[in-house]
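In full-length UniProt numbering, the protein residues as written are 1 to 86. A short write-up of the structure that comes next.
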């Protein structure tokens with residue numbers, strides 16, 4: 001069986017594709033950062049947005065062959081209160 005995924009040639013290509021996918025889904029609270037270990041996706045999302053993000057990341061892994069490691073550091077902020085206790 002051959003790999004039908006689209007091969008991305010560089011970390012910049014991967015970052016651009018991830019940024020586009022995040023922007024298309026209005027996931028503006030997620031950033032893409034380059035580290036020595038690969039590209040890291042950072043952010044805190046509400047539960048509904050987190051589900052959209054997880055589906056997007058799965059789709060990325062299904063469609064694209066990445067030359068760099070993509071690390072998921074996105075979590076849910078649902079455990080925080082919607083206000084600040086002073």
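C-beta atoms are modelled at their ideal positions from N, C-alpha and C, and glycine is treated no differently.
Item                                                                                                  : Value
Alpha-carbon spacing of residue 74 relative to residue 36, whole angstroms                            : 18 Å
Between the CA atoms of residue 6 and residue 31 - distance to the nearest angstrom                   : 23 Å
Short Cβ contact (8 Å threshold) for residue 47 with residue 76                                       : yes
Residue of 45, 43, 17 minimising C-alpha distance to residue 64                                       : 17
Local conformation of residue 76 per DSSP, three classes                                              : strand
Buried/exposed call for residue 50, threshold 16 Cβ in 10 Å                                           : buried
Identity of the residue in 15, 4, 3 nearest residue 71 by Cα                                          : 15
Residue 7 - partner residues in DSSP beta bridges                                                     : 65
Proximal residues to residue 52 (C-beta, below 6 Å), its chain only, five neighbours per side dropped : 25
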